[in-house]
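Contents: one structure, followed by commentary.
Numbering (the working numbering), first residue to last: 3 to 133.
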């Protein structure tokens, strides 16, 4: 994955990326996915995702969970939903970082977890029109 840009002081989840926004390009066998991240609203999660991406952590991993019309989930080195750690190292997880105003609308990316404060490397991309 490649990342570019930095935080932009303005915010509109549904507008396209603006100059200075962080955009990640996820390369898949089905084509590239460009993902806009919100540094100013979820700085710890953006740091986690971009650090792991820059380190090559996600390279070669599959979307291990695909639910048609709902979401696709990836970022698990075990490939079955049981693995992954944060950018802080093996065995680490991050606290939840919830940003009022961000919604799980189609195309949104979010950290996948197994309960409160269990965010590691896994993420999902929303495929449904309403979440």
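From the three backbone atoms N, C-alpha and C, an ideal C-beta is built for every residue, glycine too.
Coarse secondary structure for residue i, derived from DSSP in three states
| i | result |
| --- | --- |
| residue 36 | strand |
| residue 126 | strand |
| residue 120 | coil |
| residue 96 | strand |
| residue 49 | helix |
| residue 5 | Residue confidence for residue 5 is low, a pLDDT of 42 falling below 50, so the modelled location carries little weight and cannot support an answer. |
Option in the options with minimal Cα separation from residue i
| i | options | result |
| --- | --- | --- |
| residue 93 | 68, 121, 73, 15 | 121 |
| residue 24 | 37, 31, 47 | 37 |
| residue 91 | 44, 26, 14, 51 | 51 |
| residue 14 | 101, 118, 119, 117 | 101 |
| residue 35 | 110, 17, 47, 98 | 110 |
| residue 40 | 83, 32, 104 | 104 |
N- and C-terminal bounds of the beta strand (DSSP E) containing residue i
| i | result |
| --- | --- |
| residue 76 | 73 to 76 |
| residue 20 | Premise fails: residue 20 is in no beta strand (DSSP E) and is neither H nor E. |
Three or more C-beta pairs closer than 8 Å, one from the region 125 to 132 and one from the region 67 to 79: is that the case here? yes
Cβ contact check for the region 44 to 64 and the region 76 to 92: 3 or more pairs under 8 Å:
yes
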